[in-house]
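Below: the structure, in structure tokens.
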Amino acid sequence: MQTANLVIVLLALSAVAYLLAHNRSVSLSRPLGGIRHLHSLPFYYGMHATIWCALPAILLLALWLMFDDPVISAALLNGLPESHQPVTVADHNLLLNSIENIASGALSREGADPVLVHAADQLAKMRNIGSYLATAVVLSLGVLGLGWGWVKVSPQLPARQQVEKVFKIMLLSCACVAIFTTLGILLSVLFESMRFFKSIPVTDFLFGTEWSPQMAIRADQVGSSGSFGAIPLFVGTLLISMIAMLVAVPVGLMSALYLAEYASPKFRGLAKPTLEILAGIPTVVYGFFAALTVAPFLRQSGESMGLQVSSESALAAGLVMGVMIIPFVSSLADDVINAVPQSLRDGSLGLGATKSETIKQVIFPAALPGIVGGVLLAVSRAIGETMIVVMAAGLAAQLTLNPLETVTTVTVQIVTLLVGDQEFDSPKTLAAFALGLMLFLVTLVLNFIALRVVKKYREQYD
Amino acid sequence: MTEIKRSHAETIQRSLSKRYRAEKRFRAYGMMAIALGLLCVALLFVDIIGKGHKAFLETSIQVDVTYDAEVLGITDLQNKQQVALADFQGLVKKALQKKFPDVSKRKEKRELFSLISSGAGYELRERLLRHPELMGQTETLWLIADDDVDTYYKSIGSKGGAFTGRTSELRQGWIDQLEQEGAIKLGFNTTFFTSGDSREPEQAGIWGAAMGSLFTLVVTLTLSFPIGVSAAVYLEEFAPKNRWTDLIEVNINNLAAVPSIIFGLLGLAIFINFFQVPRSVPLVGGLVLTLMTLPTIIISSRAAIKAVPPSIREAAIGVGASPMQVVLHHVLPLAMPGMLTGAIIGMAQALGETAPLLMIGMVAFIVDIPGGFTDPATVLPVQIFLWADSPERAFIEKTSAAIMVLLAFLIMMNTLAVVLRKKLERRW
Numbered sequence: 006m007q008t009a010n011l012v013i014v015l016l017a018l019s020a021v022a023y024l025l026a027h028n029r030s031v032s033l034s035r036p037l038g039g040i041r042h043l044h045s046l047p048f049y050y051g052m053h054a055t056i057w058c059a060l061p062a063i064l065l066l067a068l069w070l071m072f073d074d075p076v077i078s079a080a081l082l083n084g085l086p087e088s089h090q091p092v093t094v095a096d097h098n099l100l101l102n103s104i105e106n107i108a109s110g111a112l113s114r115e116g117a118d119p120v121l122v123h124a125a126d127q128l129a130k131m132r133n134i135g136s137y138l139a140t141a142v143v144l145s146l147g148v149l150g151l152g153w154g155w156v157k158v159s160p161q162l163p164a165r166q167q168v169e170k171v172f173k174i175m176l177l178s179c180a181c182v183a184i185f186t187t188l189g190i191l192l193s194v195l196f197e198s199m200r201f202f203k204s205i206p207v208t209d210f211l212f213g214t215e216w217s218p219q220m221a222i223r224a225d226q227v228g229s230s231g232s233f234g235a236i237p238l239f240v241g242t243l244l245i246s247m248i249a250m251l252v253a254v255p256v257g258l259m260s261a262l263y264l265a266e267y268a269s270p271k272f273r274g275l276a277k278p279t280l281e282i283l284a285g286i287p288t289v290v291y292g293f294f295a296a297l298t299v300a301p302f303l304r305q306s307g308e309s310m311g312l313q314v315s316s317e318s319a320l321a322a323g324l325v326m327g328v329m330i331i332p333f334v335s336s337l338a339d340d341v342i343n344a345v346p347q348s349l350r351d352g353s354l355g356l357g358a359t360k361s362e363t364i365k366q367v368i369f370p371a372a373l374p375g376i377v378g379g380v381l382l383a384v385s386r387a388i389g390e391t392m393i394v395v396m397a398a399g400l401a402a403q404l405t406l407n408p409l410e411t412v413t414t415v416t417v418q419i420v421t422l423l424v425g426d427q428e429f430d431s432p433k434t435l436a437a438f439a440l441g442l443m444l445f446l447v448t449l450v451l452n453f454i455a456l457r458v459v460k461k462y463r464e465q466y467d
Numbered sequence: 468m469t470e471i472k473r474s475h476a477e478t479i480q481r482s483l484s485k486r487y488r489a490e491k492r493f494r495a496y497g498m499m500a501i502a503l504g505l506l507c508v509a510l511l512f513v514d515i516i517g518k519g520h521k522a523f524l525e526t527s528i529q530v531d532v533t534y535d536a537e538v539l540g541i542t543d544l545q546n547k548q549q550v551a552l553a554d555f556q557g558l559v560k561k562a563l564q565k566k567f568p569d570v571s572k573r574k575e576k577r578e579l580f581s582l583i584s585s586g587a588g589y590e591l592r593e594r595l596l597r598h599p600e601l602m603g604q605t606e607t608l609w610l611i612a613d614d615d616v617d618t619y620y621k622s623i624g625s626k627g628g629a630f631t632g633r634t635s636e637l638r639q640g641w642i643d644q645l646e647q648e649g650a651i652k653l654g655f656n657t658t659f660f661t662s663g664d665s666r667e668p669e670q671a672g673i674w675g676a677a678m679g680s681l682f683t684l685v686v687t688l689t690l691s692f693p694i695g696v697s698a699a700v701y702l703e704e705f706a707p708k709n710r711w712t713d714l715i716e717v718n719i720n721n722l723a724a725v726p727s728i729i730f731g732l733l734g735l736a737i738f739i740n741f742f743q744v745p746r747s748v749p750l751v752g753g754l755v756l757t758l759m760t761l762p763t764i765i766i767s768s769r770a771a772i773k774a775v776p777p778s779i780r781e782a783a784i785g786v787g788a789s790p791m792q793v794v795l796h797h798v799l800p801l802a803m804p805g806m807l808t809g810a811i812i813g814m815a816q817a818l819g820e821t822a823p824l825l826m827i828g829m830v831a832f833i834v835d836i837p838g839g840f841t842d843p844a845t846v847l848p849v850q851i852f853l854w855a856d857s858p859e860r861a862f863i864e865k866t867s868a869a870i871m872v873l874l875a876f877l878i879m880m881n882t883l884a885v886v887l888r889k890k891l892e893r894r895w
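Keeping their order, the protein sequence lines are chains S and U.
Under this note's numbering, the first sequence is numbered contiguously, ending at residue 467.
Under this note's numbering, the second sequence is numbered contiguously, ending at residue 895.
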């Protein structure tokens, strides 16, 4: 049976379990004098049976789905004669693929290796048996659970406590998804990076100044080794982020200060949501804007001033990224400024300071830690931003600080290395994961410091 | 004594004008910053709308098409193979030749035939299959024009003069002639809303990407909303104050700030390489976006739960409810509007996300309209990215139009969130 159908049947079964157990608890309570003589409400007896019916079966099904394919392919490969045993991982996948294709009919059976045809038949048979087996086992587990839940119903059963315990565990496991995600990210990136660093030394990667990940297919081709010095990428990333910050920090900060301290409530109510539109626009739209409007404009105005501006200049990407980050900086700064106690303002104004003097000499210093935290978060946003740079910045890994030239960034390289055909063993693909690791670590540290600073700052005035 | 006082007052008096000037300057900087921000919003919208509004119209050309069995090479309409091989584009060519009989040179002929899109043949095939009685008849049809013709025709009369691009003077002459005959017109572009991707700009549409986005979002919503709400409930109502809880909180806050492309790497390494889920399908896209939007939903749900006053909880506990009953019967229903708002904002974020989906192969060129969670698909933002990369000039217009559609959806979702918050949220 198909998985979706199986799940539907299981759900129906658990609904039946609910009804049966619910009714049984009600009928058991009748001779005692009503449901108030039960330990729990009938609802909990119903849920108790439902949990017994559905939870083990669904867990088993999930396990089955996870391990079904690897087990079948391992069994399949074991059944192959010695001459067909794969040697490398690539061979292994190729072999499995061709068997798969023969089985699904995408590859003609005639003319194919008879051993493979036989294996394909074997595969179809095993899949068939596997799916029958899964259906039978899962359904019988469901029915068993239903029976157990039904039998257990008795006026003394603490159904509510048990059901609530299961609920609580489910809530806890949902909360733990966040931990597993972080772990998953770390493991997947780390694992592939280790494989990368096996072929390319870490120092070459971190301190090399030449980046050309193109690996030639034959050893005697030009540039067959590829070089993976990531310094140009780091410099490019920093350059673009710096340009973005030069736009976003002053504009974001000043607009937050103006909105918080000067603007009338009406103007604030109008301008703030309008500025926040910028935060809601997808990054791919900014990328399009940068590549098709800002970059040509910069190029033309550069030419009219006699400057050579690359059509994929760091400046265009950085400016647009800065615009994207303005609302981010301004809303963070706004929070921080509003957290500064009114008494500080009143004290300063009472001494005769003008509003701007109060802002510059009292509010700003008081809010500085929070603002620094916000700026750090913004920097981590800029470093990790992908679409704008993919669309507007170039691919050429030049080591330059000139914003009018083309630079490339870490995220751009990750995308170019991983989009399209990939072989999973080549350092070229694995390099993307090493870059991902760097990106993850840097943003993690930035975020960690920033969140700490902001939290400390909040506590100061709470 | 009085002299000193006066001099103090004088110093202050004298410095006042300077200080007021500084005050004014500071204020002006603030206004400039806001003006700059607002200008950027305006510029972005004007630019996109200016580039894209014409994509909602398409150029079509009127010709007399004869369903000539000989040209088609069809003897029997029921024969599927014959119909599949039939030269429907030939009908278009014949019709064009009839319209411009004096074109005879090979090269000129080729130019002439490319006035009408290569997709017109498919249109004719559909039409003939639906109305088999048309065989051998002649009818007057509006056929969709080629993208170069479309671009040229739309740009006639614009400020910078017509954009000719690849449209030769010969073709321009024909188009002018058609114009005089009234045989070329601009109509509403239904193709754009009903078809999938295509290499030919005039046949490309966003329906396939929109369906892909829909399937992806359905997966994201069904997973991230329950998980996010459960996590928020646990953290706010049940979690003991210990290291494990701290770890969860730190993780959530950090994940909220992890670059989205990292989630793509996670999806590639875990879902695709480890679990062998097929590439390019909405299921994987949805899973990745679930992990990405989860922190947003958890954080907003926690805020909504926090906003429910403790008196409600105390009252429920006072009449004998268990902690779980307090949450399920009282806190959750009261916090639901806030949670829904958070979920909608999370979905808006997921709808606009591109980078992680590039990693898991949703960037493939897919013509068919996806029909399920495991059909290869692409999503709206990725479609925008793909079109933005295409060299044909007509795709600029299409890209901008697709952006307008995407922004319309996002604005709708955000407005819905705001309305929901205003309508349902209770002030305690």
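Idealized CB from N, CA, C, for every residue including glycine.
### Message
Could you tell me which whole alpha helix (DSSP H) segments of length 4 or greater appear in the region 682–752 of chain U?
### Response
710–722 and 727–733
### Message
Quick check on the DSSP output: what are the complete alpha helix (DSSP H) runs of length 4 or more inside the region 356–414 of chain S, in order along the chain?
### Response
360–363, 369–389 and 392–397
### Partners in chain S for S768 (chain U), counting only beta-carbon separations shorter than 7 Å
Per Cβ cutoff of 7 Å: no residues; S768 (chain U) is ~11 Å from chain S at best.
### Message
Please list, in chain order, the chain S residues whose beta carbon lies closer than 9 Å to that of M806 (chain U).
### Response
What M806 (chain U) touches in chain S: nothing, since even the nearest Cβ is about 14 Å away.
### Query
With 7 Å set as the bound, which would you pick, yes or no: does the beta-carbon of A844 (chain U) sit closer than that to a beta-carbon of chain S?
no
### Message
Any C-beta of chain U within less than 9 Å: which residues of the region 394–413 of chain S qualify?
### Response
V395 and M396
#### Entry: P843 (chain U) versus I833 (chain U): straight-line alpha-carbon distance, rounded
Near 7 Å, if we compare the C-alpha coordinates of I833 (chain U) and P843 (chain U).
### Task
Report yes or no: do the region 718–725 of chain U and the region 805–822 of chain U share at least 3 C-beta pairs separated by less than 8 Å?
no
### Query
What whole-angstrom Cβ distance do A861 (chain U) and E669 (chain U) have, given they're in contact under 8 Å?
7 Å
#### Entry: Supposed close pair L176 (chain S), F660 (chain U) - CB separation, criterion 8 Å
Going by Cβ atoms, the distance from L176 (chain S) to F660 (chain U) rounds to 43 Å, so no, they are not a contact pair.
### Query
Who are the near neighbours of Q850 (chain U) in its chain, counting only those whose CB is closer than 7 Å to its CB and skipping five residues on each side?
D664, I673, A676 and A869
#### Entry: Near-chain S residues of the region 675–709 of chain U (beta-carbon distance less than 9 Å), N- to C-terminal order
P693, I694, G695, V696, S697, A698, A699, V700, Y701, L702, E704, F705 and A706
### Query
Can you give the Cα-Cα distance for F655 (chain U) and E525 (chain U), rounded to whole angstroms?
Here the alpha carbon of F655 (chain U) sits roughly 6 Å from the alpha carbon of E525 (chain U).
### Query
Does the beta carbon of I541 (chain U) come closer than 7 Å to any beta carbon on chain S?
no
### Between the CA atoms of V458 (chain S) and G378 (chain S) - distance to the nearest angstrom
Near 6 Å, if we compare the C-alpha coordinates of V458 (chain S) and G378 (chain S).
### Query
Among U:Y534, U:K491, U:D569 and U:E600, which residue has its Cα nearest to the Cα of L637 (chain U)?
L637 (chain U) has its Cα closest to that of U:D569, out of U:Y534, U:K491, U:D569 and U:E600.
### Query
Whose C-beta lies closer than 7 Å to the C-beta of P218 (chain S) among residues of the same chain, with five residues either side of it excluded?
So the list reads G231, F233, L422, K433 and A436, once near-sequence residues are dropped.
### Query
What's the C-alpha gap between K890 (chain U) and K708 (chain U)?
35 Å
### Query
Can you check whether the CB of A249 (chain S) is closer than 7 Å to the CB of I330 (chain S)?
yes
### Query
Going by beta carbon distance, what residues of the same chain come within less than 8 Å of L690 (chain U), once the five residues before and after it are set aside?
Within its own chain, the residues whose Cβ lies closer than 8 Å to the Cβ of L690 (chain U), once the five positions on either side in sequence are excluded, are G753, L754 and T757, listed in chain order.
### Query
On the premise that I583 (chain U) lies in contact with L610 (chain U), defined as a C-beta separation below 8 Å, what is that separation, rounded to the nearest angstrom?
5 Å
### Query
the region 173–189 of chain S: which residues have C-beta closer than 8 Å to a C-beta of chain U, in chain order?
K173, M175, L176, L177, C179, A180, C181, V182, A183, I184, T186, T187 and G189
### According to DSSP, residues forming a beta bridge with D835 (chain U)
In the DSSP output, where bridge partners are listed per residue, D835 (chain U) has none listed.
### Message
I'd like to know whether the C-beta atoms of S335 (chain S) and S246 (chain S) end up nearer to each other than 7 Å.
### Response
The answer is no: Cβ separation not under 7 Å.
### Message
Measuring straight from C-alpha to C-alpha, what distance separates N546 (chain U) and L596 (chain U)?
### Response
11 Å
### Message
Could you give the first and the last residue of the continuous beta strand (DSSP E) run that contains K521 (chain U)?
### Response
Going by DSSP, K521 (chain U) is part of no beta strand (DSSP E) at all; its letter is neither H nor E.
### Task
Look at T859 (chain U) and S361 (chain S) and say whether their C-beta atoms are less than 7 Å apart.
Note that residue 859 (chain U) is Glu in the sequence shown here, rather than Thr. Taking 7 Å as the Cβ cut-off, E859 (chain U) and S361 (chain S) do not qualify as a contacting pair.
### Task
Please say whether G679 (chain U) and A846 (chain U) have beta carbons closer to each other than 7 Å?
According to the sequence as given, residue 846 (chain U) is Val; it is not Ala. In this structure, G679 (chain U) lies closer than 7 Å to V846 (chain U) by Cβ.
### Task
State yes or no: is the beta carbon of F659 (chain U) nearer than 7 Å to at least one beta carbon in chain S?
no
### Query
In chain S, which residues lie less than 9 Å from R481 (chain U) when you measure between Cβ atoms?
In chain order: nothing, as chain S lies at least about 15 Å away.
### Message
Are the CB atoms of V415 (chain S) and L3 (chain S) within a distance shorter than 7 Å?
### Response
The structure shown does not extend to residue 3 (chain S), since chain S spans only 6 to 467, so no value can be given for it.
### 3-residue-minimum beta strand (DSSP E) runs that sit fully inside the region 583–667 of chain U, ordered along the chain
605–611 and 651–655
### Check: G274 (chain S) C-beta below 6 Å from any heavy atom of the ligand MN
The ligand MN is not part of the structure shown, which contains no ligands of any sort.
### Query
Who pairs with W153 (chain S) in a beta bridge, going by DSSP?
Partner(s): none; W153 (chain S) has no beta bridge.
### Task
Tell me, please, whether the CB atom of T363 (chain S) is closer than 7 Å to any CB atom in chain U?
no
### Message
I'd like to know if P287 (chain S) contacts chain U, where contact means its C-beta is closer than 7 Å to some C-beta of that chain.
### Response
yes
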